[in-house]
Each structure stands twice: as structure tokens, then as C-alpha cells.
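Residue numbers (the numbering used here): 8 to 208. All residues carry an ideal CB built from backbone N, CA and C; glycine is no exception. Predicted model only: the values in this text are computed from it and were never measured. Encoded as C-alpha cells, the structure appears first; notes follow it.
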């Protein structure tokens with residue numbers, strides 16, 4: 008059984024990494040990214056798996072799996088998903104978002120090189136993230152070891168004061184259809200200034 012979660016990898020383009028790499032999972036799931044950040048999620052499965060599940064479902068215990076409930080399929084989540092799928096996760100939007108993600112990451116890499124910092128910028132389509140190691144982590148352990156709580160807190164606060172809100176728990180930015188080249192270039196300038204101040208400290 009192969010299950011793929013596209014919550015963080017949908018940023019690579021329509022269909023996420025599953026489509027990009029031509030993968031054929033048994034199950035596919037995606038979290039709040041499909042609803043523009045609104046708490047929601049969805050999953051899909053092959054016809055073969057769906058048939059096996061349908062053969063075993065007993066109607067008198069159909070809601071005991073925890074899928075139903077007050078918030079399942081609510082109007083806000085459904086509206087958010089419809090808007091995201093029709094206006095954000097579209098082929099046309101991804102062209103711009105991926106180009107801006109590349110520009111953002113190139114700017115981060117340039118500042119890292121300019122100030123000779125042992126950091127790296129991970130890239131995945133419309134998103135970029137800087138980590139505190141000289142190359143991309145290949146395991147969960149390497150990713151955890153690349154963390155630096157105090158440095159991350161400083162960077163988040165410093166960039167917030169400059170008008171940039173990074174994702175919590177990461178040093179990551181996601182480009183949206185509303186993101187502009189001017190936004191990306193302003194982040195590059197703020198990030199470089201922050202790096203310069205760190206080196207001088």
C-alpha cells in the first residue's frame with residue numbers, strides 16, 4: 008500500500024509531485040493547502056481500493072471512522088476549496104508562482120553566498136525555505152539538526168518588522184497569485200540586510 012501526502016508538495020504545480028513524477032499511489036491526501044489555509048483536507052484512492060472498502064463497509068457503522076462530524080464538508084471549507092482550486096492551484100497561476108519562487112530562492116542564495124553563511128535554500132516550485140546547513144537535508148534527522156530556535160526567532164521577528172511574515176515552524180515562503188516581483192525583491196533586500204547585521208554582530 009502506497010500513500011502520498013501532497014500537503015507540502017502541491018507547490019510544485021498542478022497535481023503536485025504525484026503528477027510531476029508520474030507516481031501511481033494507492034491513496035493520495037492533501038491538507039489545508041487545498042483550501043488556501045482553511046482547516047480542510049481531502050483524500051482519494053484507486054478504484055481497486057475503493058471497491059475493497061465498499062465491500063467491507065457496514066451501513067450501521069458508517070460514521071465510526073471519524074470522517075463525519077460537525078466540521079466535515081462544512082460550507083466555509085467547501086467554499087475555500089472551490090476558490091483555491093479555481094483561482095490559485097491553476098496552471099496559469101503556477102507559471103507566475105513558480106517563477107517568483109525561483110526568484111525568491113535565487114535572492115536568498117545570493118545573500119547566503121555574499122555573506123559566506125553555512126546555510127542553504129530548499130526549493131520546491133512556488134515555495135522556498137532557508138535551513139541552517141550548507142546543503143539540503145536528506146533525512147528527518149538532518150532537517151531537525153539544521154534547526155536553530157534562537158536564530159529562527161530572530162529572523163522571523165526581524166523580517167516581520169520589515170513587513171514579511173514567514174510560515175511558522177519554518178523559514179519558508181509560499182508565492183501566491185497576488186505575490187509580485189517587487190514583493191520578492193523587497194524580501195531579498197531585507198534578508199540581505201539581516202544577514203549583513205548577523206555577520207557584523
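Burial state of residue 82, where buried means 16 or more other Cβ atoms lie within 10 Å: Exposure of residue 82 is indicated by the presence of fewer than 16 other C-beta atoms within 10 angstroms of its C-beta.
Beta-bridge partners of residue 138, as assigned by DSSP: Paired residues: 127.
Residue 149, buried or exposed, once every other Cβ within 10 Å from all chains shown has been counted against 16: Exposed, because fewer than 16 other Cβ atoms sit within 10 Å of the Cβ of residue 149.
8 Å contact criterion, which residue 134 and residue 108 should meet: CB distance rounded: The Cβ separation is near 6 Å, so the contact holds.
Three-state secondary structure (DSSP) of residue 12: In the structure shown, residue 12 sits in a strand (DSSP, three-state: E or B).
Residue 52 (DSSP reduced to helix, strand or coil): Three-state result, residue 52: strand.
Three-way DSSP call (helix, strand, coil) for residue 34 in this model: Collapsing the DSSP output to three states places residue 34 in a strand.
DSSP-derived helix/strand/coil call for residue 179: Judged by DSSP in its simplified three-state form, residue 179 adopts strand.
Beta-carbon contacts of residue 53 that lie in its chain and below 6 Å, excluding the five residues immediately before and after: The answer, listed in chain order, is 33.
Local conformation of residue 168 per DSSP, three classes: It is helical.
Whole-angstrom C-beta distance between residue 84 and residue 38, which should lie under 8 Å: Taking a contact as a CB-CB distance under 8 Å, the pair residue 38 and residue 84 does not count as one, their CB atoms being some 12 Å apart.
Inter-residue Cα distance where the pair is residue 196 and residue 153: Distance between the alpha carbons of residue 196 and residue 153 is about 24 Å.
DSSP-derived helix/strand/coil call for residue 208: In the structure shown, residue 208 adopts coil according to DSSP, grouped into three states.
Buried/exposed call for residue 126, threshold 16 Cβ in 10 Å: Residue 126 comes out buried.
Pick from 55, 113, 101 and 29 that is closest to residue 192, judged by C-alpha positions: Here the closest residue by C-alpha is 113.
Span of the alpha helix (DSSP H), counted from its first residue to its last, around residue 27: 23 to 27 is the extent of the alpha helix (DSSP H) around residue 27.
Cβ neighbour criterion (16 or more within 10 Å) applied to residue 174: By the neighbour-count criterion, in which 16 or more other beta carbons inside 10 Å mark a residue as buried, residue 174 falls on the exposed side.
Proximity to residue 86 [Cα-Cα], best of 168, 44, 151 and 110: The candidate whose alpha carbon is nearest that of residue 86 is 44.
DSSP-derived helix/strand/coil call for residue 107: Helix at residue 107.
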